[in-house]
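First the structure, in the form of structure tokens, and then the observations on it.
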Amino acid sequence: MSSSHPVPYPSTGAPVCPRHPDRVSYVSCQRCGRPACPDCQRSAAVGIQCVDCVSEASKSVPSRRTIFGGVVRTGRPLVTITMMAICVAMYALDLAIPKDFIFQNFAYAPFYTETEPWRMVTSAFLHSTNLMHIAFNMYALWILGNALESAFGRVRFLAVYLVSAFAGSVGVLLLSPIDTVVVGASGAVFGLFGALFVVQKKRGGDLRQIVVLLAINAAIGFVIPNIAWQAHLGGLIAGALCTAAIAYAPTKNRNLVQWGGIAAVTVLLLALTAYKVSTFPAFTIVS
Numbered sequence: 001m002s003s004s005h006p007v008p009y010p011s012t013g014a015p016v017c018p019r020h021p022d023r024v025s026y027v028s029c030q031r032c033g034r035p036a037c038p039d040c041q042r043s044a045a046v047g048i049q050c051v052d053c054v055s056e057a058s059k060s061v062p063s064r065r066t067i068f069g070g071v072v073r074t075g076r077p078l079v080t081i082t083m084m085a086i087c088v089a090m091y092a093l094d095l096a097i098p099k100d101f102i103f104q105n106f107a108y109a110p111f112y113t114e115t116e117p118w119r120m121v122t123s124a125f126l127h128s129t130n131l132m133h134i135a136f137n138m139y140a141l142w143i144l145g146n147a148l149e150s151a152f153g154r155v156r157f158l159a160v161y162l163v164s165a166f167a168g169s170v171g172v173l174l175l176s177p178i179d180t181v182v183v184g185a186s187g188a189v190f191g192l193f194g195a196l197f198v199v200q201k202k203r204g205g206d207l208r209q210i211v212v213l214l215a216i217n218a219a220i221g222f223v224i225p226n227i228a229w230q231a232h233l234g235g236l237i238a239g240a241l242c243t244a245a246i247a248y249a250p251t252k253n254r255n256l257v258q259w260g261g262i263a264a265v266t267v268l269l270l271a272l273t274a275y276k277v278s279t280f281p282a283f284t285i286v287s
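Spelled out as structure tokens, the structure:
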């Protein structure tokens, strides 16, 4: 029989803390019986425990899970805030750095897909210089992120957001002219709209408000010029599909089904991208 604790103190002589042998302590851990100096004492439900026992006990307690299998977190929606911070930082950099350096190097257009595919994601963190563009997207991201990140957990929420952002660019690739340049988090935000729709349907909630919001935003995308409805559509579909995999996964093998579903959506997007690129005429980009 083995133990991770040091050998208990001898029965004779003053008891000393195993972690700090130079300190005498007459307070013993209620769990293992070893003495614990003030620095190594932790309050427990009954009496005092040592730091080693508290650490060991914490490892054996399973993490609390959300209804969709994510780890329950307290505090602010960290992923949502991080995505917003990146968007705001990139917006500020784009204004501060001359000659449109940020826009020129990170915006997306279909003709960049084969040579600079990372633009399909980086463009989701850029916005036009019109303040209303970033303001609307950040407001929507804050509202939707607060609702969904706590339900999904941070990792699943981040996956849905990024896949939706990528899908927005795929929508532009498939449905727009090859020289259409786009920026904005709208594809990812519409992915969150799709996610919220699926979550509400799964919970049996009222879908009318979400449908009205989607209809209004879809109409704006078709009526107002310079809005990439193709990105909205791509993000919406991908966000809904990823969330369906998360929300409807059976309890047994839930993680496998959820991540398998998200991976399947990603692979489908990659396949559509590869197919569309294969149809492009040969051309050379002059830098």
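When we follow UniProt numbering, the leftmost residue of the sequence shown carries the number 1, and every step to the right adds one.
C-beta atoms are modelled at their ideal positions from N, C-alpha and C, and glycine is treated no differently.
Contact between Gly239 and Phe190 holds: CB atoms are separated by about 7 Å, below the 8 Å threshold. With three or more CB-CB distances shorter than 8 Å, the segment 228-235 counts as touching the segment 175-190.
Contact check for Thr113 against Val265 fails: the beta carbons are separated by 8 Å or more. In the DSSP assignment, the residues bridged to Cys50 are Gln41. Excluding five sequence positions before and after Leu214, the CB atoms of its chain that fall closer than 7 Å to its own CB belong to Phe193, given in chain order.
Linking Ala219 to Ile134 through their CA atoms gives a straight-line distance of about 19 Å. Between Leu131 and Trp229, the alpha-carbon positions lie close to 19 Å from each other. For Tyr248, the CB contacts under 8 Å within the same chain, skipping 5 residues up- and downstream, are Lys202 in chain order. For His232, the enclosing alpha helix (DSSP H) has its first and last residue at Trp229 to Ala247. Residue pairing by DSSP places Pro35 opposite Ser28 in a beta bridge. Inter-segment contact for the segment 64-78 and the segment 149-156 is present: three or more beta-carbon pairs are separated by less than 8 Å.
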